[in-house]
Amino acid sequence: MEEGIIWRLLAALVYVVPAYVANGAPVVVVRLVGSTHPLDFGRTFLDGRRLLGDGKTVEGLVTGIAAGSAVGLSVLLLSPGTFRHASEPVLLSVGAMLGDVLGSFAKRRAGVERGASVPVLDQLGFLVTAFAVSWTAFGPPRWADPLTVALLMAVTAALHVGTNAGAYLIGLKDRWY
Ligand code: CTP
Ligand code: MG
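Heads up: the sequence shown begins at 1159 in the numbering used here, then just goes up one per residue.
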């Protein structure tokens, strides 16, 4: 039973906590800090559209990486087998924010306005890049067989939609998605 699907999915969910926290923290932080600075400093790309848009801020990026790393290091203390190295939760956080930024860059190039939804990219893009960064350094973790990764993606998409709807209901976000 120890290495069964339930065990692997639970191990996966603990492993992705830094990426989840990094992805979610900016929404809260941006509401708390008074003024924010767009990560693209208001600049436009060759197509005349914003490089990233006002949804990506310096404050969001920094606090996302910091919060994901801090929570990830706490996870490592509580559950030592979760990561291969103390840098892994940091890489997961950096990778998550990288995906978030790349996603906005792609959305702006496709003419999608800031805040408008692109299903799948919005919910899973950050996780794909978090894995790309951390698995490049450490290889796939023990739980990562195709079925578990697929289930984790499905659970992540559902959690993303659910937490965003919750953030909208308590007034943190202006849109429910
Ligand atoms: N946020 C931020 N800085 C980041 C990431 C997110 O300040 N690096 C904050 C912004 O207030 C943003 C909110 O978190 O509006 C939700 O993030 P996200 O859904 O990724 O941004 P969108 O506003 O939807 O913009 P985009 O269309 O570019 O994804
Ligand atoms: Mg969004």
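Virtual Cβ for every residue (Gly too), placed ideally from N, Cα, C.
- Nearest Cα to residue 1246 within the set 1294, 1205, 1311: 1294.
- Ranked by Cα distance from residue 1178, the first of 1282, 1329, 1307 is 1282.
- Residue 1335: not part of any alpha helix (DSSP H); DSSP gives it neither H nor E.
- In the structure shown, residue 1272 adopts coil according to DSSP, grouped into three states.
- Residue 1172 is not a Cβ neighbour of residue 1310, given a cutoff of 8 Å.
- A Cβ-Cβ contact shorter than 8 Å links residue 1216 with residue 1195.
- In summary, residue 1193 is exposed, with fewer than 16 beta-carbon neighbours lying within 10 Å of its beta-carbon over all protein chains present.
- When DSSP states are grouped into helix, strand and coil, residue 1304 belongs to the helix group.
- In chain order, the residues with a C-beta atom nearer than 6 Å to some heavy atom of the ligand MG are 1273, 1280.
- The continuous stretches of alpha helix (DSSP H) do not include residue 1191, and DSSP gives it neither H nor E.
- Here DSSP, grouped into helix, strand and coil, assigns residue 1208 to strand.
- The beta-carbon separation of residue 1211 and residue 1275, rounded to 14 Å, does not stay under the 8 Å limit for a contact.
- In this structure, the alpha-carbon of residue 1167 lies about 25 Å from that of residue 1224.
- The Cβ neighbour count for residue 1203, taken over all protein chains shown within 10 Å, is under 16; the residue is labelled exposed.
- Measuring C-alpha to C-alpha distances from residue 1220 to each of 1183, 1327, 1229 identifies 1183 as the nearest.
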